[in-house]
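Residues 1 to 402 in this note's numbering are what the sequence shown lists, from first letter to last.
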Amino acid sequence: MYLNCACSSGGGEGEWLFRSWPSMQARDRSAPIARAGYHSNSNSSELKAVCRTACKEAMVLLEAGHTSSDAISRAISVLENSPLTNAGRGSNLTLTGTVECDASIMDSGGGFGAVGAASGVPNPISLALRLLQKSSEGCLPLGRVSPIVLVAEGAGAWARQEGLNLCLPDDLITDRARSVYVDHKSRLDEITAHPPVKKRKMPPIHNARIIIGKKTIIIEISLQSVSEAPLDTVGAVCVDKRGGVAGGVSSGGISLKFPGRIGQAAVYGCGCWAERDAGPHSRAVASSTSGTGEYIIKTMLAREAALAAAEGQLHVAMREKFLESRLLTGVEERLAGVIAVSLDHQGGVEFSWGHTTESMCIAYCSSAQTHNESGPTAFISKLEAMDKIGKTVQTAGIALHS
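Written out as structure tokens, the structure is:
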């Protein structure tokens, strides 16, 4: 599921649009804005509240002149801190019952930072941001290249060296995550002990996400019940007042993953992307992805989607580069979601999204709403039951003018 917040800025004013989708199924079509509907998940009200908070906190930074990367880190941190999401606290557990998180962030200046399979790091996105910031300062003593990706114990050691907030690994495990783990592990043990003659289909796994932009940002989040766990990822994209663009993503990974498994959230060009063209008519674009990490990695979906979105062709990338990709031959359900924001040389912002999963939560907030204290608006929509999850794609977009 994704939560997207897109914002265009003109004289300090901006309009935000948040979209979130837990496993959504979709058709290949375009529309000026996604349809609204109802999502029956028991956590929907709490999830929308968390998204509103993330939107508000990111908006405060953008209004104060902070960078898009700062806003993304703040928004995603709010989501990582919520037990409702599959990122940070409340993440899915590995096969051995531990939490290992991935995260990355990229800006249009070429900066990138990522962390993989990190334990005891409550806000992986903050660690990814610090890696990006430190690498931009140049080489280390003796000409050593500053790292942009750290994993496992090395990531935790570096975070401690940098004075970042750490915790005991078990502090990130919630009662709900443990219940889901016990349920999934018992089913796995049963199937392992008594292999079925026919393939048994597990209940669907749901996931979600956000955006914030020029003032624009995106974020990803997950909904879960005791019998279902989030699939992957919390993410965000943002355009700040100076036209800086960034994308970010954070994930606890799939339920019962092997310890040490890395998803798209820690891989360059797969979890998020951001870049700016050169020249007088340059365009900046950022994207963030959610879904099955292995499939997104094989297709480098974040980069492919961003480049397509910059040309108003996100639907083409989702169809040709993902659903029809020969790299995924043999994969029956191809689950992914993308949010992208592009900024043209005249200051026009376009926000687009696409997904092959089932439902979407939408929240939005403008600077005017912030000023009159009405705050962000949030709701959840669902697609028709006729669509096939993981086999069709829905894309949509909206132009946000300064």
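Even for Gly, the Cβ is constructed at its ideal location relative to N, Cα and C.
As the crow flies, the alpha-carbon of H355 is around 20 angstroms from that of G252. Within the DSSP secondary-structure output, T395 pairs in a beta bridge with G354. Nearest to S288 by alpha-carbon distance, out of K185, L84, S69 and R130, is S69. Nearest C-alpha to S342 among A265, G248, P124 and C238: C238.
Boundaries for I254: no alpha helix (DSSP H) harbours it, and the DSSP string shows neither H nor E there.
If you draw a straight line from the Cα of A302 to the Cα of R187, it is about 33 angstroms long. Taking C139 as the centre and dropping the five residues before and after it, the same chain places the C-beta of V145 and S146 closer than 8 angstroms to its C-beta, in chain order. Comparing alpha-carbon positions, the option among V50, C272, D344 and Y295 lying closest to H281 turns out to be D344. Sequence-distant Cβ neighbours of M106 in its own chain, meaning closer than 7 angstroms and more than five residues away, are F112, A246, G247, C272, W273 and A274. For R52, the CB contacts under 7 angstroms within the same chain, skipping 5 residues up- and downstream, are A363, G375, P376 and A378 in chain order. A check of alpha carbon separations from V285 across M300, Y295, E311 and I262 identifies E311 as the nearest. A buried status is given to E350, since no fewer than 16 other beta-carbon atoms sit within 10 Å of its beta-carbon.
Pairing G291 with A236 gives a Cβ-Cβ distance that is not under 7 angstroms. In the structure shown, A309 falls within a helical segment according to DSSP collapsed to helix, strand and coil.
T233 and A87 have their C-alpha atoms spaced approximately 7 angstroms apart. Of the candidates G109, I254, V78 and I262, I262 places its Cα closest to the Cα of L150.
In the DSSP annotation of this structure, D183 is not part of any beta strand (DSSP E); the continuous alpha helix (DSSP H) holding it starts and ends at D175 to A193. If you look at T289, you'll find it isn't in any alpha helix (DSSP H); it sits in the beta strand (DSSP E) that goes A284 to G291. Unbroken beta strand (DSSP E) stretches of 3 residues or longer found wholly inside the stretch 39 to 116: 101 to 107, given in chain order. The beta carbon of A159 lies closer than 7 angstroms to those of V121, L127 and L166 in the same chain, with the five residues before and after it left out. R326 carries a helical assignment under DSSP once its states are collapsed to helix, strand and coil. Contact between V316 and S255 does not hold, since the beta-carbon distance rounds to 32 angstroms and is not under 8 angstroms. With fewer than 16 other Cβ atoms inside 10 Å of its own Cβ, T329 counts as exposed.
Judged by their CB atoms, A265 and D102 are nearer to each other than the 7 angstroms cut-off. When the beta-carbon positions are compared, S44 and R276 stay at least 7 angstroms from each other.
Comparing alpha carbon positions, the residue from E294, G347, E373 and G348 closest to R334 is E294.
Bridge partners of R276 according to DSSP: A284. In the three-state scheme derived from DSSP, where H, G and I count as helix and E and B as strand, I339 is classed as strand. Annotation for A236: no alpha helix (DSSP H) segment contains it, though the beta strand (DSSP E) segment containing it runs V234 to V239.
Between the C-alpha atoms of V249 and E100 there is a straight-line separation of about 15 angstroms. Around the beta carbon of L47, a 10 Å sphere encloses 16 or more other beta carbons of the protein chains shown; the residue is thus reported as buried. Here the alpha carbons of R178 and D171 stand approximately 12 angstroms from one another. Taking the Cβ atoms as the reference, G347 lies roughly 12 angstroms from A399, outside the contact range of under 8 angstroms.
Boundaries of the alpha helix (DSSP H) around L129: P124 to S135. Close CB contacts of G244 within its chain, under the 7 angstroms cut and outside five residues either way in sequence, are with T67, S68, D107 and S108 (chain order).
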